[in-house]
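> Can you read through this structure? Questions will come right after.
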Amino acid sequence: MILAFPKITVKSYSIKTHVSDMEFIMEFDQKLFDNVIKAAKSFETSLNTRPVTPNEDAIHALNQFDEPFINSGMDAKDVINMLVEIGEQGVVSTRGGRYFGFVTGSALPVSIAANWMAGAWDQNSALSIMSPLAAKLEDVAGKWVLDALDFPAECGFGFVTGASMAGFTALSAARNHTYKKLGIDIKAYGITSAPPLKFVMGEEIHPTNIIALQYMGYGKNEFHMVPCDEQGRMIASDIPKLDDHTIIIAQAGNVNSGAFDPFNEICDKASDANAWVHVDAAFGGWTKVSKSRCHLTNGMERADSWSLDCHKWLNVPYDSALAICKNAESLTDMFGVTAPYLIEGAMREPSHHTPEFSKRARGLEIWAALKHLGKDGLSEMIDRTCNHAKHFASEMEKLGIIIMNDVVINQIVGTFDDEERVDQFIDKVQKSGKTWFGPTVWKGKKAFRISVSSYATTDEDIDIALQAIKDAL
Ligand SMILES: Cc1ncc(COP(=O)(O)O)c(C=O)c1O
Numbered sequence: 091m092i093l094a095f096p097k098i099t100v101k102s103y104s105i106k107t108h109v110s111d112m113e114f115i116m117e118f119d120q121k122l123f124d125n126v127i128k129a130a131k132s133f134e135t136s137l138n139t140r141p142v143t144p145n146e147d148a149i150h151a152l153n154q155f156d157e158p159f160i161n162s163g164m165d166a167k168d169v170i171n172m173l174v175e176i177g178e179q180g181v182v183s184t185r186g187g188r189y190f191g192f193v194t195g196s197a198l199p200v201s202i203a204a205n206w207m208a209g210a211w212d213q214n215s216a217l218s219i220m221s222p223l224a225a226k227l228e229d230v231a232g233k234w235v236l237d238a239l240d241f242p243a244e245c246g247f248g249f250v251t252g253a254s255m256a257g258f259t260a261l262s263a264a265r266n267h268t269y270k271k272l273g274i275d276i277k278a279y280g281i282t283s284a285p286p287l288k289f290v291m292g293e294e295i296h297p298t299n300i301i302a303l304q305y306m307g308y309g310k311n312e313f314h315m316v317p318c319d320e321q322g323r324m325i326a327s328d329i330p331k332l333d334d335h336t337i338i339i340a341q342a343g344n345v346n347s348g349a350f351d352p353f354n355e356i357c358d359k360a361s362d363a364n365a366w367v368h369v370d371a372a373f374g375g376w377t378k379v380s381k382s383r384c385h386l387t388n389g390m391e392r393a394d395s396w397s398l399d400c401h402k403w404l405n406v407p408y409d410s411a412l413a414i415c416k417n418a419e420s421l422t423d424m425f426g427v428t429a430p431y432l433i434e435g436a437m438r439e440p441s442h443h444t445p446e447f448s449k450r451a452r453g454l455e456i457w458a459a460l461k462h463l464g465k466d467g468l469s470e471m472i473d474r475t476c477n478h479a480k481h482f483a484s485e486m487e488k489l490g491i492i493i494m495n496d497v498v499i500n501q502i503v504g505t506f507d508d509e510e511r512v513d514q515f516i517d518k519v520q521k522s523g524k525t526w527f528g529p530t531v532w533k534g535k536k537a538f539r540i541s542v543s544s545y546a547t548t549d550e551d552i553d554i555a556l557q558a559i560k561d562a563l
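Just add 90 to wherever you are in the sequence shown, counting from 1, and you've got our numbering.
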């Protein structure tokens, strides 16, 4: 798998800048970018043979970076050579097909190439006047995501760093909108004198939602936590009485089991009460595009807002996610920034939809990934990773491993009769360098968790990982 790159021709130039009495010479060397491409290609071709995670010696080698910051600078080419020569040893091969830790997507080559171009162009996607290209491709990519997920076309969306920030963004918009409906302007008067809101979520909610609410000023003892079933799904009959002061957070894809909350029941209760429903759809939201598993997301589209990671299952580079709100104005009301010097154009203004103003042009990679995959390629990628997980789990079961969850999407939770075996087992697997996954606690028992989120995973990768598991057992 080698990135095919067009020949890039660049001119050498040098800039001399006087800063007080010191003279700096910044030179652009043609070879700088050529070397980067060569190093990236060589890394790409090493993915099948290099250890999935660095060993202790490789991590120790990183100490070569511990040098004092000195007066004189280094030639740019040498800086990058040093980065590659020392740094590559400390890289975790999440780009490959055998890293199953956390929920970690790889990055499609087309999205890496788009990311490089966005970096080379150094575009600021705050305002369309700063980068018409970034503004256009955010708009296009956002609309394609809505289309892919069957969300209403009138939804608003903001491009942010990850699902944590997407949650914060959507929940802040939800709060502002909820108060606005009650005739309260918290942007003018703050929330201290406003009547309290009620936050309801499942006990299995991802902790980053709690953090989002905490930096919005709430404490976790204020939240109503709804009990969950054995798969981690909110038990709808245990949802307390909702009202128009309520924001309820549901989940598409439990971080361990991959389970989905019962969206239709939640949305029925919320719409009767005029409450806001937010869905943390960080990775599980992409299940909507699956041909075989989209039924799991039934009713998700009825929510008012969603957080959706792109750096996980869409397989684009970090950091990348979307906050989506059905009522587009709820985002722009909350985050629209105006000042006399901020010139607005005729296009959609990216910064009006996010807490951040200046930001990188994430839309380019998302557009490139979607353009490359098409609807069919996208749903095939999601189905393929789920199928790998299903096969992986059934082979592990044959080895005597207890699979604790229904493997409905790409997530597996495994353990042993004797849970004390788990730590040593994980350690052995990790040290093999052939694959990597980590621990969790599921339903009170020590366990390990596997997430097949990389487009690059092949049948052979699963076989190699299974062999590493057999060896460890
Ligand atoms: C369900 C869920 N929500 C939120 C997050 C946080 O996402 P991010 O790391 O992109 O901020 C994760 C991360 O794994 C997740 O699985």
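Virtual Cβ for every residue (Gly too), placed ideally from N, Cα, C.
What you are looking at is a predicted structure, and each value in this text was computed from that prediction instead of being measured.
What span of residues does the beta strand (DSSP E) with Ile-502 cover, start to end?
Translated into the one-based positions of the sequence shown, residue 502 becomes position 412. Ile-502: member of the beta strand (DSSP E) spanning 501-505, first to last residue.
> Can you tell me which of the three DSSP states Ile-456 falls into?
On the sequence shown, residue 456 is found 366 positions in, with the first residue counted as 1. Residue state, collapsed to three classes: helix.
> By alpha-carbon positions, which one of Ile-170, Pro-158, Ala-208 and Gln-179 ends up nearest to Ile-456?
Reading the sequence shown from its first residue, position 366 is the one you call residue 456. Taking only the C-alpha atoms, the option nearest Ile-456 is Ala-208.
> Quick check: the region 285-295 against the region 252-260, are at least 3 beta-carbon pairs closer than 8 Å?
Not touching, per the Cβ criterion.
> Helix, strand or coil for Leu-287 per DSSP?
Here residue 287 refers to the residue found at position 197 when the sequence shown is read from its first residue. If DSSP states are grouped into helix, strand and coil, Leu-287 belongs with coil.
> Alpha carbon to alpha carbon, what distance is there between Arg-474 and Lys-378?
As a first step, residue 378 must be located in the sequence shown, where it is residue number 288. As a first step, residue 474 must be located in the sequence shown, where it is residue number 384. Between Lys-378 and Arg-474, the C-alpha separation is close to 14 Å.
> DSSP three-state label for Met-255, please.
For the purposes of this step, residue 255 is identified with residue 165 of the sequence shown, where counting begins at 1. Note: Met-255 maps to helix in three-state DSSP.
> On a Cα-Cα basis, can you pick out the residue from Ala-231, Ser-484, Trp-366 and Lys-461 that is closest to Lys-270?
By one-based count along the sequence shown, residue 270 stands at place 180. Per the Cα distances, Trp-366.
> Closer than 5 Å from C-beta to any heavy atom of ligand 1: which residues, in chain order?
Proximity to ligand 1 was defined by a C-beta distance below 5 Å to any of its heavy atoms, and the residues meeting it, in sequence along the chain, are Val-193, Gly-252, Ala-253, Ser-254, His-296, Thr-298, Val-345, Asp-370, Ala-372 and Asp-399.
> Check Val-497 in the structure and name its three-state DSSP category.
Position 407 of the sequence shown, counting from 1, holds the residue named residue 497. In the three-state DSSP reduction, Val-497 falls in the coil class, being neither helix nor strand.
> State the beta-bridge partners of Asp-370 as determined by DSSP.
On the sequence shown, residue 370 is found 280 positions in, with the first residue counted as 1. Paired residue(s): Gln-341 and Ser-397.
> With H, G and I counted as helix, E and B as strand and the rest as coil, what does DSSP make of Lys-381?
Locating residue 381 in the sequence shown gives position 291, where the first residue counts as 1. Lys-381 falls in the coil class under three-state DSSP.
> Helix, strand or coil: how does DSSP classify Pro-144 here?
If you number the sequence shown from 1, residue 144 lands on position 54. Residue state, collapsed to three classes: coil.
> Just list the residues that DSSP pairs Ser-541 with in beta bridges.
Start at 1 with the first residue of the sequence shown, and residue 541 comes out as number 451. DSSP lists Gln-501 as partners of Ser-541.
> State the DSSP-derived secondary structure class of Tyr-408, mapped to helix, strand or coil.
To locate residue 408, count along the sequence shown from 1; it is residue 318. The answer is coil: DSSP assigns Tyr-408 none of H, G, I, E or B.
> Look up His-296 in the DSSP assignment and say whether it is helix, strand or coil.
Stepping through the sequence shown from its first residue, residue 296 is reached at position 206. Here His-296 carries a coil assignment [DSSP, helix/strand/coil].
> Leaving out the 5 sequence neighbours to the left and right, which residues in its chain are closer than 6 Å to Ser-215 when beta-carbon positions are compared?
Within the sequence shown, the letter at position 125 stands for residue 215. Ser-221, Ala-224, Pro-440, Lys-449 and Ala-451, listed in sequence order.
> In this structure, what does DSSP give as the bridge partners for Thr-530?
For the purposes of this step, residue 530 is taken as residue 440 along the sequence shown, with counting starting at 1. Per DSSP, Ala-537.
> Which same chain residues end up closer than 6 Å to Ala-585 when comparing Cβ atoms and leaving out the 5 residues on each side of it in sequence?
Beyond the ends of the chain as shown, which are 91 and 563, falls residue 585; an answer cannot be given.
> Determine, using beta carbons only, whether Ala-459 and Leu-398 come nearer to each other than 9 Å.
For this step, residue 459 is matched to residue 369 along the sequence shown. For this step, residue 398 is matched to residue 308 along the sequence shown. No.
> Since Val-250 sits in a beta bridge, which residues does DSSP pair it with?
For the purposes of this step, residue 250 is taken as residue 160 along the sequence shown, with counting starting at 1. According to DSSP, which records beta bridges pairwise, Val-250 is partnered with Ala-411.
> Among Cys-476, Val-512 and Thr-135, whose alpha-carbon lies nearest the alpha-carbon of Ala-349?
As a first step, residue 349 is located in the sequence shown; it is residue number 259 there, counting from the start. With distances taken between Cα atoms, Ala-349 lies closest to Cys-476.
> Going by the beta-carbon positions, is the gap between His-401 and Phe-247 smaller than 9 Å?
Against the sequence shown, residue 401 aligns to sequence position 311. Against the sequence shown, residue 247 aligns to sequence position 157. In this structure, Phe-247 does not lie closer than 9 Å to His-401 by Cβ.
> Out of Ser-136, Lys-128 and Asn-145, point me to the one whose CA is closest to Asp-517's CA.
Counting from 1 along the sequence shown, the entry for residue 517 is found at position 427. Measuring from the Cα of Asp-517, the nearest candidate turns out to be Asn-145.
> Quick one: Cα of Thr-143 to Cα of Asn-311, how far?
For this step, residue 143 is matched to residue 53 along the sequence shown. For this step, residue 311 is matched to residue 221 along the sequence shown. If I take the Cα positions, the gap works out to 39 Å.
> Suppose the cutoff is 7 Å on Cβ atoms and the five residues either side in sequence are ignored; what does the same chain contact list for Arg-140 look like?
Within the sequence shown, the letter at position 50 stands for residue 140. So the qualifying residues of the chain are Ser-183.
> Give me, in chain order, the residues of the same chain whose beta-carbon lies closer than 7 Å to that of Gln-514; leave out the 5 immediate sequence neighbours on both sides.
Reading the sequence shown from its first residue, position 424 is the one you call residue 514. No residues qualify anywhere along the chain.
> For Phe-241, which of helix, strand or coil comes out of DSSP?
Translated into the one-based positions of the sequence shown, residue 241 becomes position 151. Here Phe-241 sits in coil by DSSP.
> Bridge partners for Tyr-308 per DSSP, in chain order?
Counted from its first residue, the sequence shown places residue 308 at position 218. Beta-bridge pairing links Tyr-308 to no other residue.
> If you pair each beta-carbon of the region 318-332 with each one of the region 340-360, do three or more pairs fall below 8 Å?
Because the criterion of three Cβ pairs below 8 Å is met, the region 318-332 and the region 340-360 touch.
> Rounded to the nearest angstrom, what separates Ala-546 and Asp-333 at their Cα positions?
Position 456 of the sequence shown, counted from the first residue, corresponds to residue 546. Position 243 of the sequence shown, counted from the first residue, corresponds to residue 333. The straight-line gap from Cα to Cα measures roughly 45 Å.
> Can you give the Cα-Cα distance for Ala-429 and Leu-217, rounded to whole angstroms?
Numbered from its first residue, the sequence shown carries residue 429 at position 339. Numbered from its first residue, the sequence shown carries residue 217 at position 127. Approximately 12 Å, taken between the alpha carbons.
> CA-CA distance, Glu-434 and Ser-420?
Within the sequence shown, numbered from 1, the residue matching residue 434 stands at position 344. Within the sequence shown, numbered from 1, the residue matching residue 420 stands at position 330. Taking the straight line from one Cα to the other gives about 19 Å.
> Within 10 angstroms of its Cβ, does Asp-240 collect 16 or more other Cβ (buried), or is it exposed?
As a first step, residue 240 is located in the sequence shown; it is residue number 150 there, counting from the start. Asp-240 comes out exposed.
> Taking Ser-382 as the reference, give the member of Lys-560, Ile-472, Gly-307 and Glu-355 with the closest Cα.
For the purposes of this step, residue 382 is taken as residue 292 along the sequence shown, with counting starting at 1. Ranking Lys-560, Ile-472, Gly-307 and Glu-355 by Cα distance to Ser-382 puts Ile-472 first.
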